[in-house]
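This report refers to the structure that appears directly beneath it.
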Amino acid sequence: METQRGISLDSIEGSFNLTEHLEDEAPFNALWNIGDTLPDANSASPYELVQHPSSKKKVLQYNTNTQRVEVVRNQIVLLRRNSPSVTTNDTLTISLRHSDLQYTRIPITACEKHRNPKHDHCPFEVVDCAIDPCYRKDESGHYSVEILNMNAVHEIQIRFLCFSSEPHNSGNKEMARNWMLQLEGTLMMTIGRFPPLQLQVVVCLRDTNRLRKSRNDSNLRANESAYLRSSSGSSGSGFENAKRKRSHPNEDGDCERETLEDQYLSLKMEQIKADLPSLPTAVLQWKVSKLKMSRGTLSSNMEEDSSLL
Numbered sequence: 001m002e003t004q005r006g007i008s009l010d011s012i013e014g015s016f017n018l019t020e021h022l023e024d025e026a027p028f029n030a031l032w033n034i035g036d037t038l039p040d041a042n043s044a045s046p047y048e049l050v051q052h053p054s055s056k057k058k059v060l061q062y063n064t065n066t067q068r069v070e071v072v073r074n075q076i077v078l079l080r081r082n083s084p085s086v087t088t089n090d091t092l093t094i095s096l097r098h099s100d101l102q103y104t105r106i107p108i109t110a111c112e113k114h115r116n117p118k119h120d121h122c123p124f125e126v127v128d129c130a131i132d133p134c135y136r137k138d139e140s141g142h143y144s145v146e147i148l149n150m151n152a153v154h155e156i157q158i159r160f161l162c163f164s165s166e167p168h169n170s171g172n173k174e175m176a177r178n179w180m181l182q183l184e185g186t187l188m189m190t191i192g193r194f195p196p197l198q199l200q201v202v203v204c205l206r207d208t209n210r211l212r213k214s215r216n217d218s219n220l221r222a223n224e225s226a227y228l229r230s231s232s233g234s235s236g237s238g239f240e241n242a243k244r245k246r247s248h249p250n251e252d253g254d255c256e257r258e259t260l261e262d263q264y265l266s267l268k269m270e271q272i273k274a275d276l277p278s279l280p281t282a283v284l285q286w287k288v289s290k291l292k293m294s295r296g297t298l299s300s301n302m303e304e305d306s307s308l309l
């Protein structure tokens, strides 16, 4: 087939292999999300949050239990570009959003106590003197900071002004405390969005060696503690008293009696099992547990079944 200018389409296809071109651009497309497409949370971002070298104590860490970066409030940290091959020609826009979809449209703002009056209610601020940031607020109330000429800088100093748990940002709900730092800009004359940085702004850093426990486990432990408190008296609960009594008998006769009772229970178990072979084991165990609970009445039972001993 010939075009109007006399150029063969076959010759064009031979000189340009579309498959090879897409394979060459695959790493770039995986790193950069074109247009308004949502970022992939599993892909690596060319930016990272790191500890500021001037900090005397640890104010930032990656928590493997929550899989998020934890940052102490009102402490300066660095937003560093960890990929030298990635450069933004014009601008970089930074914004703080909720990670969970049900809270994404709700803006994150700084309260009256923690906000910087110069920047309205923006939940974070850029404190680098070498950069002249531009603070913006869209129609939905989301704050963002725009930085021009990002090629001239390698890292940015950022300070987060409010906690993730503050009530005015729905911080009383667990999912609303999960935030992400969105990074948008221009890469190779294409407007797009980098993968976000998952984070939480906390009072102090958690112990990463501690295993993460579910809410059901904590409720179970609370119920057990409440039961022990309610069942315990001045001399201890009945179970504890019985346990102490059996572990530390006062007289030698107690030891002999308990030994005979144990033998009687085991023989009684074998007798019931022989008489009723079709009886489930769970039922047998239940019957024996009833005998153990009424251990004070075993003496009369043992006299009746003296043939077993």
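Note that the UniProt record's numbering gives residue 57 to position 57 of the sequence shown, counting from 1, and the numbers run on in steps of one. Ideal Cβ positions, reconstructed from N, Cα and C, are used throughout, including at glycine. Quick caveat: nothing in here was measured; it's all calculated off a predicted structure.
Close beta carbons around residue i, own chain, < 8 Å, minus the five adjacent residues each side
i	result
Ser54	Ile76
Thr64	Thr208
Buried versus exposed, by CB contacts within 10 Å (16 or more), residue i
i	result
Ser266	exposed
Asn172	exposed
Gly185	buried
Val71	buried
Distance, residue j Cα to residue i Cα
i	j	result
Ile191	Thr91	10 Å
Trp286	Ile272	12 Å
Tyr135	Asn209	38 Å
Pro117	Val203	22 Å
Glu174	Ala130	37 Å
Lys137	Lys56	34 Å
Glu261	Thr281	21 Å
Arg115	Tyr143	13 Å
Thr66	Arg193	24 Å
Tyr264	Lys290	14 Å
Own chain partners of residue i with C-beta closer than 7 Å, once the 5 adjacent residues on each side are dropped
i	result
Ala176	His98, Asp100, Tyr103, Asn169 and Ser170
Glu166	Cys111
Tyr62	Val69
Leu181	Ile94, Leu96, Pro196, Leu197 and Leu199
Test: residue i CB closer than 8 Å to a CB of chain B
i	result
Glu184	In the structure shown, chain B does not exist; there is a single protein chain.
Residue i versus the options, residue with shortest Cα-Cα distance
i	options	result
Asp132	Ile158, Cys111, Val50 and Gln285	Ile158
Asn106	His119, Trp179, Val127 and Val59	Note on residue identity: the sequence assigns Ile, not Asn, to residue 106. Comparing Cα-Cα distances from Ile106 to each of His119, Trp179, Val127 and Val59, the minimum goes to Trp179.
Val145	Pro123, Ala130, Cys204 and Asn151	Pro123
Glu155	Val126, Glu70 and Thr281	Val126
Ser140	Thr109, Gln61 and Ile94	Thr109
Asp128	Val153, Gln263 and Thr66	Val153
Cβ-Cβ separation, residue j to residue i (assumed contact under 8 Å), whole Å
i	j	result
Pro46	Asn82	6 Å
Arg68	Leu199	6 Å
Leu49	Leu96	Contact flag wrong, Cβ pair sits at about 12 Å.
Ala44	Pro196	With a Cβ gap of about 12 Å, Ala44 and Pro196 do not count as contacting.
residue 315	Leu205	For residue 315 there is no data in the structure shown, the boundaries of the chain being 1 and 309.
Met269	Val283	In fact, because the Cβ distance is near 12 Å, the residues do not count as touching under 8 Å.
Ile94	Leu183	6 Å
Cβ-based neighbour list, residue i, same chain, cut-off 6 Å, excluding 5 preceding and 5 following
i	result
Gln51	Leu60
Val201	Val71, Arg73, Phe160, Phe163 and Ser164
His119	Glu125 and Tyr135
His121	Thr109, Ala110 and Arg115
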